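Just so we're aligned: the sequence shown equals residues 7 to 153 in our numbering.
Cβ atoms here follow ideal geometry from the backbone N, Cα and C, with glycine treated the same way.
As the structure is a prediction and not an experimental result, all values here were calculated from the model.
Presented below is the structure to which this report refers.
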Amino acid sequence: MYGYIPLCSFYGGQYRQYKIRLLMLSSDVETNPGPGKGYHYDEETVTDDNTRRILQAIADTKEEVKSVKRSVQGVQQELENIKEELKIIKSKVDCLEYSHEVIASDVASVSLQDEVKEERLNEIERQLNSIENEKLKPFPRVFGLGE
């Protein structure tokens, strides 16, 4: 079979037969295109049981498609609502982040002020002790006696 090259006349004749057969088959489609788009099957005109089942399956499928479309629209609406809620939550989080920064700054400032005041308090306490020591120097102290 390999290496067999048909003669040109054989090939041309065979091609011509295919072309004629193709034209014959396509002409049938053109002369009998079937029912138009507006054609509707009635129960009275349909006598074949299989055709009735097919038509019922088509009707059921159309109804299911409508139901799915309604469900998808509901899901899309819920998704839009969730997006809006997320925008609101994001704006609140941004506000909280800003407030957190302000509060952290205030806490740091109060902490620094507390350290300064604690140092000042220690300094005052040292000065007070120093003053008391200076006052007590002229008086003799006898240990073991009450004041």
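Alpha-carbon spacing of TYR24 relative to ARG58, whole angstroms
Between TYR24 and ARG58, the C-alpha separation is close to 38 Å.
Euclidean distance between Cα positions of VAL108 and GLU121
Looking at the two C-alpha atoms, the distance is approximately 20 Å.
Do you know offhand how far GLU91's Cα is from GLY80's?
Computed Cα separation, rounded: 17 Å.
Residue burial classification, HIS106 (beta-carbon count within 10 angstroms, cutoff 16)
Label assigned to HIS106: exposed.
Would DSSP call ASP54 helix, strand or coil?
Secondary structure at ASP54: coil, using DSSP grouped into helix, strand and coil.
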